[in-house]
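The next block holds one structure in the form of structure tokens; read it before the comments.
Protein chains: 4
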Amino acid sequence: MSGNTFGHLFAVTNFGESHGPAIGCVIDGCPPGMELSEADIQTDLDRRRPGTSRHVTQRNEPDAVQILSGVYQGRTTGTPIALLIQNTDQRSKDYGNILETFRPGHADYTYFQKYGIRDPRGGGRSSARLTAPMVAAGAVAKKWLKERFGTEFRGCMTQVGDVPIGFESWDHVPHNPFFAPVTDVAALEDYMDALRKAGDSCGARIRVSASNVPVGLGEPLFDKMDADIAYAMMGINAVKGVEIGAGFASVAQRGTTHGDSLTPAGFASNNAGGVLGGISTGQDLEVSIAIKPTSSIITPRDSIDSAGNPTQVVTKGRHDPCVGIRATPIAEAMLALVVMDHVLRHRAQCGDVVHTLPPIPASR
Amino acid sequence: MSGNTFGHLFAVTNFGESHGPAIGCVIDGCPPGMELSEADIQTDLDRRRPGTSRHVTQRNEPDAVQILSGVYQGRTTGTPIALLIQNTDQRSKDYGNILETFRPGHADYTYFQKYGIRDPRGGGRSSARLTAPMVAAGAVAKKWLKERFGTEFRGCMTQVGDVPIGFESWDHVPHNPFFAPVTDVAALEDYMDALRKAGDSCGARIRVSASNVPVGLGEPLFDKMDADIAYAMMGINAVKGVEIGAGFASVAQRGTTHGDSLTPAGFASNNAGGVLGGISTGQDLEVSIAIKPTSSIITPRDSIDSAGNPTQVVTKGRHDPCVGIRATPIAEAMLALVVMDHVLRHRAQCGDVVHTLPPIPASR
Amino acid sequence: MSGNTFGHLFAVTNFGESHGPAIGCVIDGCPPGMELSEADIQTDLDRRRPGTSRHVTQRNEPDAVQILSGVYQGRTTGTPIALLIQNTDQRSKDYGNILETFRPGHADYTYFQKYGIRDPRGGGRSSARLTAPMVAAGAVAKKWLKERFGTEFRGCMTQVGDVPIGFESWDHVPHNPFFAPVTDVAALEDYMDALRKAGDSCGARIRVSASNVPVGLGEPLFDKMDADIAYAMMGINAVKGVEIGAGFASVAQRGTTHGDSLTPAGFASNNAGGVLGGISTGQDLEVSIAIKPTSSIITPRDSIDSAGNPTQVVTKGRHDPCVGIRATPIAEAMLALVVMDHVLRHRAQCGDVVHTLPPIPASR
Amino acid sequence: MSGNTFGHLFAVTNFGESHGPAIGCVIDGCPPGMELSEADIQTDLDRRRPGTSRHVTQRNEPDAVQILSGVYQGRTTGTPIALLIQNTDQRSKDYGNILETFRPGHADYTYFQKYGIRDPRGGGRSSARLTAPMVAAGAVAKKWLKERFGTEFRGCMTQVGDVPIGFESWDHVPHNPFFAPVTDVAALEDYMDALRKAGDSCGARIRVSASNVPVGLGEPLFDKMDADIAYAMMGINAVKGVEIGAGFASVAQRGTTHGDSLTPAGFASNNAGGVLGGISTGQDLEVSIAIKPTSSIITPRDSIDSAGNPTQVVTKGRHDPCVGIRATPIAEAMLALVVMDHVLRHRAQCGDVVHTLPPIPASR
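In order, the protein sequence lines correspond to chains A, B, C and D. Start counting the first sequence at 1; every next residue gets the next number (our numbering). Start counting the second sequence at 1001; every next residue gets the next number (our numbering). Start counting the third sequence at 2001; every next residue gets the next number (our numbering). Start counting the fourth sequence at 3001; every next residue gets the next number (our numbering).
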């Protein structure tokens, strides 16, 4: 109830602080019998890892994951899977006057007000570092969904600051440090270099997508598939907006164009983003999220200290000038966790799905 | 787990179908000792009620609420509050060929695939009529929060179709059928009249806001205040996008402008929309949602029937040409339910809040 | 979280007070497609109904159940099933000085201390009348389990006061007002008549059993099948003890006799009561519960009033001299709800069970 | 939902297997600001530790606990507290033919049927070793409750096999290996020595008690204090029965004697065991549990192998001949976790308790 467990039937309990001895999670509810090793998880962790380009934080963490339980002779047993990631490159001294002041736009202030105490080292619990265990848990969900339904999760950056990024192909995403679906990222690199020199930070827009999602996932009133996706995405650090399918563009659409026609060969379009009435249509899930600029910047900002007096705060240390850059694998993982949870929920009430009608296509 | 309960500590379990004998909800967790009568709830129900202008569905429902339990001698006792609303104006015959076909953009298709059976009368469980019990439950939460903290919830329409609506004053909202914060709604009326004649529907954009929200509400990792707001809003029928504070505009912002400065007199701005690190800052909560066009329109659309054969579907009966028009009180109610739940969660772990620092202002 | 919902995946939310306008429940998570009518539910309600013999309360309630939602054309749709039972024979005047005093052994005192307010009419929320909606919900679970697995739930009284009741046959249970598995209940009738004349009350011991329970139900650590049964049974009004299988007798047993041998033809005995390591063995679930004497008696008892002053309390009105008499159908219903919930939980994580080994027999 | 998390607001997620690299838990919901170190937890772990007398398993585990998160500068921060205990003395070879057979009375069979795969090393997940993290979590709860309300948890053995143990004083409990409240344990030692020589095992009966428990804890219908205690206790390995207060003895009591009179000086007796209507009275919580004989014994037993063929099974390796001996600190911990969870639940709905009446006494 204190908000550190994600999911209901595939439930991931996250623990740790940015500069504590270790971070990790416990996955409860994983179906038994799936082959699983650390290597299956490490791949996605490496995609999210800091220090991999000059555009992200230079903190050097191998983020090597260890499976502590729930796997026997290389297969999941149905019991909790505990995953542990040691913190190895904490430098708590970098945090200068943050201990006594509050960064504008940062959780410093609210944690202090909520708990009356906060671990300020590296942002403590509010650090984006805590997304690493979710990426690890997401890798387990992805593997099961892939084997079972062929479900695939993909993400890419579609805008950085005020620079929109066109879509050329998913194939380009792994080949540049931005997760951009284009071949030429020179403009993005220049933009980021200038930003870093200016001691400033910027926002980003990310698209995440899932294909081969079973029809019929999601609950009727509150735990709608799209509601749970919105919850998952808005819970990622720095996210300020979430869209499904046509999103905010649907405001200006007419009913005659927005509603996706059904044909015997499948849906003719995907304004719905793969969800109708909160339940998956079987089309691709299409999600877009807005990420705000990093609050930890070296440009001095007006603030107050913990006694309430005015001061200025400057954040030294190692930070991402655009947290959106590393957000793609995180958003994919969260989407996978939502889909996984809903597959198990669906099985509980309705048994294994038997689809009675063909329609699906469009958008893949 | 089947998604019909909203909230954790102030938990609202919703039941009913559009054309069944009754709809309602059970509120579990309401603090004891609060004065409560049907009249306290009816006011908000009346704001959401159908049939109040020519721009909404002409179904005539008094939506009179009855308290079945949880109140003794005019005060809440701490036990479940069951609220019942009789359905009185069902006309199930209006639904022509919907019984055997699927409306493009509607939950018809997904319910059928999920359950293998669906109640098609008036949209059954997927009808927006099921938001009525939430408005009722929200009224209970609003009352408690108002008495305890002076919290106020307000909403207004900010765009209908492609017509943006400026903001003049909250005072105008109750005086026009659109919940528009302006005095002159002639253009909106013309727009809606033309749309209705064209047999089409349109989307809308709604803003919801809460003031006098305690600082420190929300959980650190997953049940963040903004994540839960996104979940609540995306769960409202037809919503396709949610923003908190600067929302999607934050993508193009710089860290130097986005982060709200703290001063001894309070925050200097509210790009955060009242939430930092998932925890309320004490500033106004600011939320914006996108609502898609109604899928039930009289213009013929391509679809398939339940045997998978191509057909055309025309929706007769009484429908809202813009479901967004009645969405304002619904969005307010859902926001109130989120805040209420988080107040109780906060009390559980941290006890009653004692704020140690003054900052709050800006935006009220 | 306020304890009015039973179960997780087959979740029953109960509401109402003894003398309010109505009581009822909402079942969330029922699988779709099952035939269901009020008649399916009424049978069990009639078994629990007051006023059916001189040995139970003379309150005359038809306990007629109405299905408000979740059923379309005689089949469950997968959406919430709301069940309503009107209260028709409240006589709130009977409660004399209970309004201002606390009955020894009754929840009067604790409700007052917890909430600072209580509905004293008929015991309010603490009345055993609130088990009626559970019996109704249990009937839905029983029906589904019967159709799916042939599961049967049976209960009987095994002791009343200090009079033990032998076991002759399940067949006798419906033919006497005690749910006793014997033909001759004259001694029980005499015992109860004497007790009533003495203005006193007594306890009872009840056995509940389930056969044709699937193997493999229950979770490994906390939501063990036996833990959830203990929770369900101890939650029934007036229950003070719960045993599974050999129960307290197992304290004096040796490992060589207690552990049930496995043979190719099945288990050789059932000391386990159908549960090993918290997971069902497929043998009969065997449960025994202790029910304390009713606290509402006409013999004067020492107590205090709500100002803390000494007083005497006498309970007039209509009460069961032995609440255990009507407990049998309640205990059966609660056991059915536990099994049902675990079937759905099992399906979620492990899919539909494929048993790989024959052993089961013994004890049926 | 897979049953590895205990509690709702003070939620403990347990992970690990008997012979895996480590076991542990994550506590979510601990109030912030409490001083906490490993030493606070180690004391109770040492009481439960194996290898401390000849009457328990000779597995030699230091059970040294490490705090991985949730504590900053010696104080809890309100974020998850992860506790890790390394397994150091696994000897997986000891398990002979257990890999392919099922011990009578053991979870071997049910785990295999449920999951289709099981970790047989040391009982895997079904090992009583997994109670260690609960003892650790219970120590955190105990500390908070002690500081806040002066609540104390105590337990003792009241019967071993067919040998009843009288009650002399709580003071004797720490001074013998049986947690017996007597000075002379020679008879118990002889009994256990004979049992071990016979290659057999026996059951035990344990009493647990809590004093200075706040009045008003527990929920009205399902999460009653006694129901949650029954759930917690029946979830401990090998427990087959649970009693609250007078327990099964209440069956033969009359209402005139069972109901505890209230006087201005407090309750006159405690048949209720500290709970009325599911809500704590403020008197001592009194609980008694039955523990069955260990199923792992060296005497050959009839069983089947995983192909369903008849065989005999002999359990070599290191086992407790009476698991009840080490159960006392476990039962205390589970009781503490139940009380802690209910304190937080009570605060959520009702705020901090203000007791309005004096009665409490009796039984301390």
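Using N, Cα and C, we set each Cβ at its ideal position, and we do this for glycine too. Note that the coordinates shown come from a computational prediction; the quantities given were computed from them, not determined experimentally.
- Closest option to Phe3248(D), judged by alpha-carbon separation, among His2342(C), Ile2206(C) and Asp2200(C): Ile2206(C).
- From the beta-carbon of Thr311(A), no residue of chain C is found nearer than 7 Å; the closest lies around 41 Å away.
- Along the stretch 2071 to 2084 of chain C, going in chain order, the ones with a CB nearer than 7 Å to a CB of chain B are Tyr2072, Arg2075, Thr2077, Gly2078, Thr2079, Pro2080 and Ala2082.
- In the DSSP assignment, Phe2112(C) falls within the alpha helix (DSSP H) that extends over Asp2108 to Tyr2115.
- Ranking Ala3238(D), Val3242(D), Ile3236(D) and Asn3237(D) by CA distance to the CA of Met2233(C) puts Val3242(D) first.
- As the crow flies, the alpha-carbon of Ser1053(B) is around 18 Å from that of Gly1161(B).
- Between Lys240(A) and chain B, the shortest Cβ-Cβ separation is below 9 Å.
- Inter-segment contact for the stretch 1244 to 1260 of chain B and the stretch 290 to 300 of chain A is present: three or more beta-carbon pairs are separated by less than 8 Å.
- Close to Ala1137(B), with beta-carbon spacing below 8 Å, lies no residue of chain D; the smallest spacing is near 16 Å.
- Asp3200(D) carries a coil assignment under DSSP once its states are collapsed to helix, strand and coil.
- Residue-level contact check: Gln1349(B) touches chain D, since one or more beta carbons of chain D fall below 9 Å from its beta carbon.
- With contacts defined as CB atoms closer than 9 Å, Pro2104(C) and Asp2260(C) fail to qualify as a contacting pair.
- Straight-line spacing of the CA atoms in Ala1132(B) and Leu1083(B) works out to 11 Å.
- For the stretch 2018 to 2031 of chain C, the set of residues with a beta-carbon nearer than 7 Å to any beta-carbon of chain A comprises Gly2029 and Pro2031, in chain order.
- Under DSSP, the beta-bridge partners assigned to Tyr3072(D) are Arg3075(D).
- Val12(A) sits away from Ile23(A), with the two beta carbons spaced by 9 Å or more.
- Counting along the chain, Arg2154(C) sits inside the beta strand (DSSP E) bounded by residues Glu2152 to Val2160.
- Between Tyr3072(D) and Gly3138(D), the alpha-carbon positions lie close to 20 Å from each other.
- Interface residue (Cβ-Cβ distance to chain D less than 9 Å): Pro2329(C) is not classified as such.
- The C-beta of Arg49(A) comes no closer than 9 Å to any C-beta of chain C.
- Taking the CA atoms as reference points, Val3275(D) sits about 18 Å from Cys3350(D).
- The bridge partners DSSP lists for Thr3263(D) are Gly3266(D).
- Non-local beta-carbon contacts of Arg1059(B) in its own chain, meaning distances under 7 Å to residues more than five positions away in sequence, involve Pro1050, Gly1051, Asp1089 and Arg1318 in chain order.
- Residues of the stretch 2131 to 2155 of chain C whose Cβ lies closer than 7 Å to any Cβ of chain B: none.
- Around the CB of Asp3044(D), 16 or more other CB atoms lie within 10 Å, so the residue is classed as buried.
- Counting only runs of at least 3 residues, the stretch 302 to 361 of chain A fully encloses the following beta strand (DSSP E) elements, listed from N- to C-terminal order: 310 to 313.
- The way I'd put it, the stretch 3326 to 3334 of chain D does touch the stretch 3149 to 3163 of chain D; three or more beta-carbon pairs between them come closer than 8 Å.
- Exposed is the label assigned to Pro3174(D), since fewer than 16 other Cβ atoms lie within 10 Å of its Cβ.
- For Arg3326(D), no Cβ of chain C is located within less than 9 Å of the residue's own Cβ.
- If you compare the alpha carbons of Glu168(A), Glu61(A), Asp119(A) and Phe102(A) with that of Val313(A), the shortest gap goes to Phe102(A).
- With fewer than 16 other Cβ atoms inside 10 Å of its own Cβ, Gly3166(D) counts as exposed.
- About 11 Å separates the beta carbons of Gly2007(C) and Asp2223(C), which is beyond the 8 Å limit, so they are not a contact pair.
- Residue burial is scored here from C-beta neighbours: Leu1099(B) has fewer than 16 other C-beta atoms within 10 angstroms and is therefore classed as exposed.
- Among the bridge pairs identified by DSSP, Asn1014(B) is matched with Cys1025(B).
- Interface with chain D (9 Å Cβ-Cβ cutoff): Gln42(A) is excluded.
- The count of Cβ pairs closer than 8 Å, one atom from the stretch 2280 to 2289 of chain C and one from the stretch 2201 to 2216 of chain C, reaches three, so the stretches are in contact.
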